[in-house]
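Structure first, commentary second.
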Amino acid sequence: MAAVTETIEAVEALQGGDKYRHGFITDIEQDFAPKGLSEDTVRFISAKKGEPQWMLEWRLEAFERWKALEEPDWAKLSFPRIDYQDAYYYAAPKTSTGPASLDEVDPSILETYAKLGIPIREQEVLAGVVGAAKYAVDAVFDSVSVVTTFRAELAKSGVIFCPISEALKDYPDLVRQYLGSVVPVSDNYFACLNSAVFSDGSFVYIPPGVRCPMELSTYFRINASSTGQFERTLIIADRGAYVSYLEGCTAPMRDENQLHAAVVELVLLDDAEIKYSTVQNWYPGDAEGKGGIYNFVTKRADCRGKRSKVSWTQVETGSAITWKYPSCVLRGDGSQGEFYSIAITNGRQQADTGTKMIHLGRDTRSRIISKGISAGRSSNTYRGLVSSHPKALGARNFTQCDSLLIGKSCAAHTVPYIEARNGRSTFEHEATTTRLSDEQLFYCRQRGLSAEEAVALLVNGFVREVMQKLPMEFAVEAQKLVAVSLEGSVG
Amino acid sequence: MLSVRNLHVSVGDTPILKGLDLHVPKGEVHAIMGPNGAGKSTLSYTLAGRDGYVVDQGSATLDGEDLLVLGPDQRAAKGIFLSFQYPLEIPGVPALTFVRSALNAQRKARGQEEIGAPDFLKLVRAAAAGLKMDFEMLRRGLNVGFSGGEKKRMEILQAVILEPRLLILDETDSGLDIDALKIVAEGVNGLRSPERSMLVITHYQRLLDHIRPDRVHVLAHGKVVESGGPELALELERAGYDKYGARDAA
């Protein structure tokens, strides 16, 4: 199996070093906002971005509300109190204060993306393997987008793909109409914080009837020390539009914990379809739990249109803490939501992740397939809500939650909430928990596979159903990541 | 040639094998028979290198090479194949993928080139046809939803493809009806070769009607207590294991 061979090669390539291969730091001069969080910080960020007055007011209102909110404590996560004053809320490379042509981008940033294997030169993609699909990239470095590729080509189809800071200038009406319409400002503590201090992220608009001609992707990189990343992504698929979008995330290895609090809003009008995939590989901290990203993310899709369809696929391997529930509001009659998830925790990682399927319209359908893998001394929780409202007659959901335990010191939890508020909803829930057995491992090794090959094979088998939902190019990368994340999980 | 000398093996604190001697020359098929609890499976697991089977004394070599210092995957690459009494299920991993990964891992370990997809498929198609297996079944998760007979056939199919030097069949007849037993036995007989040793571990004589052994050894109390030709198996079938004090064997 090619993928297994590759995973093994990936593992071998790492031997002698730390298993996290994106942990380098780019040495570059950066502009920072003064440390800490206050109204001034919010004004500073807004001014840096040259935002319209309404946007500043929106942010300030969010900040006021945030001050009155409490950090949520219902998740199965334990971590020391976050000191929100002990962090920077804005960091941008000095030489690249906004979207620029590649010639203007600092060479050390270009080198960073080259090291990460992200094609930010269009010709690199074009010169790639024969038959490889083209995909456009928005590269966000700490608090700013440094480059967005293929914009001209996308514009020919009427597709807008740009940093959100730029969309605020060029398409203020679209942004104003939809920003915060899916995740309201004070939806939750972290979303509210994001609303006040978000710095960059991607904006996508697909016009009616347009099938986006290539995969879109945003690549988030945290580089600066003591800095939080607060990105904001807004994707609008107009009537009958289709787009497949992928985000990837990495960060340097640092001893401190860094905060990442993102908000992603998806809007779908009639017959629109969005496929949103995430490969999240933030630095997970070391084996003893020192350092790593705190990942508190709010992602929600609003299927406003009839027969619209949204699909979330996530591969979560990184972060010290993951708090994330990509959700679907199935408002339009006949709309559909899907959630496919692979969450892997190793070492001291903690993940509390799942989804919410909120059925509001008639004949709405949803499907949840969650594969949780825990190794080391980690904790992995699936938390999900499926609800149907009185008008959502004929709502259907199928949920399957499978947990795989590797070793004896990890934990897996499944916390499903199911609320049917009409008599004509059909909800199914299946859950399994299994341990990667010594017998299976021995069986594989008896046939000639090494212990690491055996684990990679067994785990890739366990997650196969979800892996198949990822775009091809990323599935290969994700399979490697699975093996790397679990390196050292069997003795 | 498999040579086992004075082998003592314990599991946990319990000694199971207590000075076992066994020699299976190339090209021969030897049967190991014995009552439940005599240590038959312990012998097969120990030869394959399973964790938890601790060798306290003795040696085991294949063509003069020490097996006991090798991990299970290294032994597999040296040519040891254990057909499991209860083959494991591997959900989400198609049998084709599994067998090809195994073959290539072994080839890599031996410094050979990996086999390409077309050549591999040819091999598998021929092997599946020989065992009267539906090729489509090999696209499903390995052993998932397979019947007992299908699982055993799948084991033999892997042996055909991996071409071991020593094939150990651990209670291969258990759970098989007579038709499946015949097909499996035919597959095994097809594997007989002057270059290969076989160890057939079984409680019952009936498998040996189909796979005729060159030698039969009786294992009781962790030792080979009697050896003979094929007629010994018939004798056991008639008289049972009583004379070896089977009831005392834990």
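Respectively, the protein sequence lines represent chains G and H.
In terms of our numbering, the first sequence is residues -16 to 474.
In terms of our numbering, the second sequence is residues 1225 to 1474.
Glycine included, each C-beta is placed from N, C-alpha and C at the ideal position.
| query | result |
| --- | --- |
| Cα-Cα separation between leucine 1432/H and alanine 1457/H, rounded to whole angstroms | 8 angstroms |
| Per-residue burial, phenylalanine 62/G [other beta carbons within 10 Å of its own, 16 or more giving buried] | exposed |
| Within chain G, the residues that phenylalanine 1308/H reaches when beta carbons sit closer than 7 angstroms | Tyr426 |
| Any chain H beta carbon closer than 9 angstroms to asparagine 443/G | yes |
| Pairwise C-alpha distance: asparagine 171/G and glutamate 435/G | 41 angstroms |
| Residues near glutamate 22/G by beta carbon distance below 8 angstroms, same chain, minus five either side | Leu43 and Phe46 |
| Proximal residues, the stretch 336 to 361 of chain G versus chain H, C-beta separation under 9 angstroms | none |
| Whole-angstrom distance between serine 371/G and threonine 296/G, CA atom to CA atom | 22 angstroms |
| Contact with chain H by leucine 453/G, beta-carbon distance below 9 angstroms | no |
| For glutamine 383/G and alanine 414/G, the rounded distance between their alpha carbons | 6 angstroms |
| Supposed contact pair histidine 1434/H and lysine 1406/H - C-beta distance, whole angstroms, cut 8 angstroms | 6 angstroms |
| Spatial neighbours of arginine 1274/H in its chain, beta-carbon cut-off 6 angstroms, leaving aside the 5 residues before and after | none |
| Below-9 angstroms beta-carbon distance, serine 468/G vs any chain H residue | no |
| Closer than 9 angstroms to chain G by CB, alanine 1333/H | yes |
| Own chain, CB closer than 6 angstroms to methionine 1422/H, minus 5 neighbours either side, in chain order | Val1253 and Leu1391 |
| Endpoints, the beta strand (DSSP E) within which serine 260/G is located | 256 to 263 |
| Neighbour-count burial assignment, glycine 288/G, 16 or more Cβ in a 10 Å radius | buried |
| Three CB pairs or more closer than 8 angstroms across the stretch 1305 to 1325 of chain H and the stretch 1372 to 1381 of chain H | yes |
| Residue-level contact to chain A via CB, isoleucine 1314/H, 9 angstroms cutoff | This model lacks chain A altogether, as its protein chains are G and H. |
| CB of valine 1348/H within 9 angstroms of CB of leucine 1320/H, strictly | yes |
| Best match in Leu151/G, Lys31/G, Gln263/G and Ile351/G for proximity to threonine 201/G [C-alpha to C-alpha] | Gln263/G |
| Below-9 angstroms beta-carbon distance, glycine 390/G vs any chain H residue | no |
| Residues that DSSP places opposite tyrosine 484/G in a beta bridge | The structure shown does not extend to residue 484/G, since chain G is modelled only from -16 through 474, so no value can be given for it. |
| Cutoff 9 angstroms: glutamate 411/G Cβ touching any chain H Cβ | no |
| Those runs of the beta strand (DSSP E) which lie wholly inside the stretch 1392 to 1458 of chain H and span at least 3 residues | 1421 to 1426, 1439 to 1444 and 1447 to 1452 |
| Three-state class that DSSP yields for glutamate 271/G in the structure shown | coil |
| Proximal residues of chain H, C-beta to C-beta of arginine 418/G below 7 angstroms | Near arginine 418/G there are no residues of chain H at all, since even the closest Cβ is about 13 angstroms away, more than 7 angstroms. |
| Burial state of proline 90/G (16 or more Cβ within 10 Å) | exposed |
| Per-residue burial, methionine 455/G [other beta carbons within 10 Å of its own, 16 or more giving buried] | exposed |
| Delimiting residues of the alpha helix (DSSP H) encompassing methionine 340/G | It is not in any alpha helix (DSSP H) - methionine 340/G instead sits in the beta strand (DSSP E) that spans 333 to 342. |
| Which listed residue (Val1233/H, Ala1326/H and Val1368/H) has its alpha carbon closest to that of alanine 1284/H | Val1233/H |
| Rounded separation between glutamine 1413/H and aspartate 1394/H - CA only | Rather than glutamine, the amino acid found at residue 1413/H in this sequence is asparagine. If you take the alpha carbons of asparagine 1413/H and aspartate 1394/H, they lie about 16 angstroms apart. |
| Nonlocal neighbours in the same chain, by C-beta distance under 6 angstroms from leucine 1362/H, ignoring five residues either side | Ala1319 and Leu1320 |
| Other residues of its chain near glycine 1399/H: CB distance less than 7 angstroms, five sequence neighbours each side excluded | Gly1372 |
| Cβ distance (whole Å) where valine 1384/H is taken to contact leucine 1415/H below 8 angstroms | 7 angstroms |
| Length of the line joining the Cα atoms of leucine 1241/H and aspartate 238/G | 52 angstroms |
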